[in-house]
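142 is the number of the first residue of the sequence shown in the numbering used here; add one for each residue after it.
All residues carry an ideal CB built from backbone N, CA and C; glycine is no exception.
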Amino acid sequence: MKVKLKIETQWLELERKSMSRMKQDYEAWERQTLKKAQNAKDLRGLREVFYQLGDRWEFDQATGAWLGSGEPLDAVGLILKMPGLEPNKERFVLYAVMAYSKGFTQKFDHLGDKERIIVERDTKTGRLSVWSTTGHGAMDIFPSDLSSFKTLESALETCHLVAQPGDHALRIEIPGSSGLLDFMSKRLWEIAGGNKDFTVNRIDVLTVTDIEESMDFKFHRYAKSVVELDRVWRKLRVGTFDFARGKMLDKIPDHIEARDNQTLRKIEGLLHLLWFQPPVAQLKAIAKFHNELSTEPTPTETQRFFIPYLGELAYSLTDVTEKAKYLKWKSVIEKKDFSKSDVFKGLDLSELAKDAFVVALEDILREHTLAYIGYPERSTMKDKILRGLLGILILPLRLLTSFKAAVIRMTKKIIPLPFWKTEATSEETPKPINESVKEAQR
142 MKVKLKIETQ WLELERKSMS RMKQDYEAWE RQTLKKAQNA KDLRGLREVF
192 YQLGDRWEFD QATGAWLGSG EPLDAVGLIL KMPGLEPNKE RFVLYAVMAY
242 SKGFTQKFDH LGDKERIIVE RDTKTGRLSV WSTTGHGAMD IFPSDLSSFK
292 TLESALETCH LVAQPGDHAL RIEIPGSSGL LDFMSKRLWE IAGGNKDFTV
342 NRIDVLTVTD IEESMDFKFH RYAKSVVELD RVWRKLRVGT FDFARGKMLD
392 KIPDHIEARD NQTLRKIEGL LHLLWFQPPV AQLKAIAKFH NELSTEPTPT
442 ETQRFFIPYL GELAYSLTDV TEKAKYLKWK SVIEKKDFSK SDVFKGLDLS
492 ELAKDAFVVA LEDILREHTL AYIGYPERST MKDKILRGLL GILILPLRLL
542 TSFKAAVIRM TKKIIPLPFW KTEATSEETP KPINESVKEA QR
């Protein structure tokens, strides 16, 4: 599907200049690499050149393709489906992945990298709520209401996504408003935007059906296994599963109770890892604990109870991580065949979007935690505090920045001085949120 992505024109101009400088660097690297290969006297020399390339090869090859055929802030979107934390809720995370001065296969840690919005749907009432990214990955405190749209797809086709590269943020802009709070919020963000020009691009977005069915990337299954493990652990911890804990605590022998308590503490530690470590960093701990319980000669009822949950978790996580690695490997080794393979059958994606998608998919598993991706309620206390501060500070700071720019423009009209020319660029370019927050603290 196609979604409208709205970006400030000034960011596109900055990116165009950055791409020009990067293209010069890439061409210089290409010349140097070819010269080294030509000057090699034997196979040993060629092998040394190959080793020197190392991890740069994949990055520079993709970067060359981007610089040769891509546009400033080329973007592609993908939607991951996850269960909600309540039985009647489901969540969708829309990632917008933008190339910004670094190409698609190096770390997306620059302006406009991988940003997201979180949409939650109540399966009973049909209510849709959306949280935009405030800044630096932190989500809004209060959601916006999308209930006027029947489905997520219809909402995305109607609304605009607004990328804010300097703030590492992605917002959804809803036409109209469903109440006084939504109206005031939208109006304040319009004022905070100041007098700016925007460019609207229609970007490709891979839907849940594309990812879960066409590509067989079962992220929902993995997220569900974590949520289910968390749910049953919480119930066991408070003693509501009588069949696992025994009808009466005093009927359980002391050594069995001690083993059960130890198992529950290990599950608690594993859940901390599942929520706060990236998925690729979880495999070893899950496999070790699953093997420990599976090979226990005389497991307790509680230990036997957790074995299938850990088995499902291990299988689902291995499935998504291996599939992500395979897609990225195939996109590099078999680039021509990969773009025409059945993986993308029926999908209207550019060559660049295909490369970006598979790289972003693996990077999400390697860099982002499950709490970060779609469950801010499970984030650490530090992240919750940061979310609250950014939710409170960002809009006022943006309003102050817009007011300052308006005052400068008026002053320039009244008192046209030569030095305004040298400051014209800096006054119009908004500072990233991290710099604004530091100024506010000072």
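Spatial neighbours of residue 346 in its own chain (CB-CB distance under 8 angstroms, excluding positions within 5 residues in sequence) are listed in chain order as 142, 143, 144, 217, 218, 219, 220, 235, 297. No Cβ-Cβ contact shorter than 9 angstroms links residue 146 with residue 277.
A straight-line Cα-Cα distance of about 25 angstroms links residue 150 and residue 167. Look at residue 482 here: in three-state DSSP terms it is coil, with no helix or strand label.
With fewer than 16 other Cβ atoms from the protein chains shown falling within 10 Å of its own Cβ, residue 518 counts as exposed. Each of 462, 428, 294, 299 was checked against the Cα of residue 358, and the nearest Cα belongs to 462. Residue environment for residue 404: buried (at least 16 other C-beta atoms within 10 angstroms of its C-beta). Distances from the alpha-carbon of residue 373 to those of 521, 412, 523 put 412 closest. If only complete runs of 3 or more residues are kept, the region 252 to 320 shows the beta strand (DSSP E) at 255 to 263, 269 to 272, 274 to 276, 301 to 305, 310 to 314, in order along the chain. It is roughly 45 angstroms from the alpha-carbon of residue 280 to the alpha-carbon of residue 173. Counting C-beta pairs closer than 8 angstroms gives three or more between the region 256 to 266 and the region 223 to 237, which meets the contact rule. With fewer than 16 other Cβ atoms inside 10 Å of its own Cβ, residue 191 counts as exposed. Taking the CA atoms as reference points, residue 422 sits about 14 angstroms from residue 430.
The continuous alpha helix (DSSP H) containing residue 460 extends over residues 442 to 474. In the assembly as shown, residue 176 is an exposed residue. Its beta-carbon has fewer than 16 other beta-carbons within 10 Å.
Residue 451 counts as buried, since at least 16 other C-beta atoms from the protein chains shown sit within 10 angstroms of its C-beta.
Distance from residue 364 to residue 522 at the Cβ level is roughly 22 angstroms; contact not present, criterion being Cβ atoms closer than 8 angstroms.
With contacts defined by Cβ atoms closer than 9 angstroms, residue 310 and residue 256 form a contacting pair.
In the structure shown, residue 341 falls within a strand segment according to DSSP collapsed to helix, strand and coil.
At a Cβ-Cβ threshold of 9 angstroms, residue 418 and residue 510 count as neighbours. Around the beta carbon of residue 161, a 10 Å sphere encloses fewer than 16 other beta carbons of the protein chains shown; the residue is thus reported as exposed. Within the model, the alpha-carbon separation for residue 398 versus residue 442 is close to 11 angstroms. Counting every other CB atom within 10 Å of its CB across the protein chains shown gives residue 305 a total of 16 or more, marking it as buried. Residues of the same chain with a CB within less than 6 angstroms of the CB of residue 507, apart from the 5 flanking positions on each side, are 419, 421 in chain order.
At least 9 angstroms separates the beta-carbon of residue 482 from that of residue 492.
DSSP, reduced to helix, strand and coil, places residue 359 outside both helices and strands of the structure shown, so it counts as coil. In this structure, 260 is the residue among 260, 361, 339, 340 with its C-alpha nearest to the C-alpha of residue 313.
Counting only residues of its own chain and dropping the five nearest sequence neighbours on each side, residue 293 has a CB closer than 6 angstroms to the CB of 233, 260.
Note: residue 505 is not bridge-paired with any residue in the DSSP secondary-structure output. Excluding the 5 residues flanking it on each side, residue 502 has same chain C-beta neighbours closer than 6 angstroms at 465, in chain order. Between residue 285 and residue 273, the CB-CB gap stays under 9 angstroms. Assigned with DSSP and collapsed to three states, residue 490 falls in coil, not helix or strand.
Between the alpha carbons of residue 187 and residue 474 lies a gap of roughly 20 angstroms.
Taken atom to atom, the span from the alpha-carbon of residue 159 to that of residue 290 is near 39 angstroms.
Residue pairing by DSSP places residue 216 opposite 239 in a beta bridge. Using a Cβ distance threshold of 9 angstroms, residue 494 and residue 315 do not count as a contacting pair.
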